[in-house]
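All you need for the working numbering is the position in the sequence shown, starting with 1, plus 12. This report concerns only the one structure given below.
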Amino acid sequence: MRREATTPTVLVVDDEVGPRESLRLILEPTYRVHTAADGAEALQRLATTGADVVTLDLVMPGLRGCELMRMIRSQHTRTEVVVITGSAALDSARAAIRYGVSDYLQKPFDVVQVTAAVERAVDRRRNRERLLGFLEGLGSELRAAGDPFGLLDDRDATARLGALLSTDSAQEPVAAFGVAPLEFFEVLAETIEAKDRYMRGHAQRVSFYARLLASRLGLDGDDLEHARIASFLHDVGKVGVASEILVRPRRLDAAERRILEQHPEIGERLVEPLGVPTTVLGAIRHHHEAWDGSGYPDGLRGQEIPSLARIIQVADAFDAMTTDRPYRRARSQELARLELRRCAGIQFDPELVVEFDTVLDEGACEIDGTLVTEIATLDAIQRRATASWVGERH
Ligand SMILES: [Fe+2]
């Protein structure tokens with residue numbers, strides 16, 4: 013059964029009958045709407061009929077909204093959540109975005125606002141499903157191929173990704189680029205990360221650190237935008253790497269390492285047909301080069317390594333060290349900074365390590381990893397909201 017051929021289902025969860033019924037009336041002309049008055053009823057409804065989108069009040073008796081949100085996100089991973097709440101506290105906003113909600117609205121809501129938010133969530137789910145289906149298929153082809161580059165060389169796989177995006181009925185070709193590029197890349201990055209629980213939020217956090225560093229270096233406008241896009245996409249080639257290798261709870265052997273080390277080239281070739289700027293392609297290809305020339309895939313050294321790739325290296329390594337990995341626990345930010353300094357001039361551009369140190373000294377150091385993800389996500393949600401409001405005014 014194709015999703016596009018069916019009417020999307022929305023589950024409205026609110027303990028107050030007033031807002032619950034108004035939401036039902038607003039959404040019913042367009043969607044199949046179910047309602048639930050509390051968390052238990054919502055979970056039961058999800059288990060029996062499922063839903064594409066849940067609108068959720070955070071403050072309810074019984075199962076708390078935040079807890080319900082956590083359960084929805086872990087048990088119904090493909091369901092999008094729109095939080096609509098009377099509690100406007102930043103804390104609840106943070107808790108909401110921690111679980112990757114699609115939108116966060118405050119009561120009193122209006123018709124336009126709610127309609128736009130649910131429509132975005134439905135689009136997001138549809139795009140995510142398509143991407144996920146495509147990437148799962150492509151990933152298994154790549155993993156099965158003895159020579160993944162041979163498969164990519166015939167342009168078939170990447171052309172199909174381009175075609176997939178250009179046949180989106182709801183949006184223009186690669187709308188993803190024209191209308192909301194970052195949102196598309198976020199979804200793409202999240203899709204990849206779904207393979208590996210240790211990677212969850214990695215792209216968001218790397219993007220956050222890379223942006224801080226890039227701004228510190230004076231990048232702005234398109235350059236800063238490219239830094240963000242490249243940060244999101246740097247590991248996209250991991251779609252061609254088996255999950256068993258990505259989550260192996262020990263160091264990899266030589267053969268496994270060779271497979272893993274193909275991901276920068278696979279990533280570059282995968283997104284090339286999407287018309288991604290060459291600086292972004294270069295950053296994806298070269299994000300595992302090393303300052304002393306010992307990295308891969310091309311053994312570039314020093315300034316030969318594109319600057320965007322060098323920025324991502326620092327951001328990527330810092331995040332990798334400060335989060336749990338299959339084979340070790342997270343290190344403290346202080347230890348991670350020492351390690352960056354130790355590897356300056358060996359693995360990393362020494363000037364960038366100094367600049368990143370300054371960035372951390374300026375306050376980011378007090379932000380823990382979870383909060384970084386939250387802030388980066390909040391930022392993304394706000395950008396989406398702003399973009400849609402700007403669109404609606406014209
Ligand atoms: Fe990587």
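C-beta: ideal position from N, C-alpha, C; glycine also.
Where does the unbroken beta strand (DSSP E) through residue i begin, and where does it stop?
i    : result
A52  : Here A52 belongs to no beta strand (DSSP E); instead the alpha helix (DSSP H) covers 51-60.
A48  : 44-48
E273 : Premise fails: E273 is in no beta strand (DSSP E) and is neither H nor E.
L23  : 21-25
E92  : 92-97
L312 : Taken as a continuous stretch (DSSP letters only), L312 belongs to no beta strand (DSSP E), as it is neither H nor E.
D361 : That residue, D361, is in no beta strand (DSSP E); it is neither H nor E in DSSP.
D115 : 115-118
For residue i, verify whether its CB is less than 8 Å away from any heavy atom of ligand 1.
i    : result
D265 : no
K250 : yes
H298 : no
D232 : no
L275 : Looking at the sequence itself, residue 275 is His, so the reference to Leu does not match. Within the cutoff, so yes.
H46  : no
H246 : yes
What distance in whole Å lies between the Cβ atoms of residue j and residue i, which are believed to be in contact at a cut-off of 8 Å?
i    : j    : result
R132 : S152 : About 30 Å; that fails the 8 Å criterion.
F330 : A348 : 6 Å
G252 : R155 : 6 Å
V65  : R137 : 7 Å
S243 : V218 : 5 Å
H299 : A267 : Contact doesn't hold; Cβ gap of about 22 Å is too wide.
A302 : Q359 : 5 Å
V123 : V94  : Going by Cβ atoms, the distance from V123 to V94 rounds to 14 Å, so no, they are not a contact pair.
R44  : T19  : 5 Å
A215 : I323 : The pair is not a contact, with the Cβ atoms about 14 Å apart (cut-off 8 Å).
A48  : T91  : The pair is not a contact, with the Cβ atoms about 13 Å apart (cut-off 8 Å).
E280 : L293 : 5 Å
V326 : L364 : 5 Å
Taking only three categories from DSSP, how would you classify residue i?
i    : result
A356 : strand
C377 : Summary for C377: the model assigns pLDDT 43, below 50, so the residue's position carries little reliability, and this model does not support an answer.
T89  : coil
T18  : coil
L264 : coil
E284 : helix
D328 : helix
G252 : helix
S181 : For S181, the pLDDT reaches just 38, beneath the cut-off of 50, and the residue's location in the model is therefore unreliable, although a value from the coordinates is still provided. Here S181 sits in coil by DSSP.
F189 : With a pLDDT of 34 at F189, under the threshold of 50, the predicted position of this residue should be treated as unreliable, though the coordinate-derived value follows. Helix.
V66  : strand
R341 : coil
F146 : helix
S306 : coil
R76  : coil
E351 : helix
E346 : helix
T335 : coil
I84  : helix
E367 : helix
V71  : coil
I278 : helix
G403 : Caution applies to G403, whose pLDDT of 32 falls short of 50 and renders its modelled position unreliable; the model cannot decide the point.
P135 : In the sequence under discussion, the amino acid at residue 135 is Asp, which differs from the Pro named in the question. The answer is helix: DSSP assigns D135 an H, G or I state.
E420 : Past the edges of the chain, shown from 13 to 406, lies residue 420, and the structure says nothing about it.
Output the boundary residues of the alpha helix (DSSP H) element that contains residue i.
i    : result
T291 : 290-298
V29  : 29-39
Y221 : 214-228
L258 : 255-258
D235 : 233-245
I want to check one thing, is the minimum distance from the CB of residue i to the heavy atoms of ligand 2 below 8 Å?
i    : result
D328 : As far as ligands go, the structure on display features ligand 1 and does not contain ligand 2.
Between the stretch 28-35 and the stretch 78-87, are three or more C-beta pairs nearer than 8 Å? no
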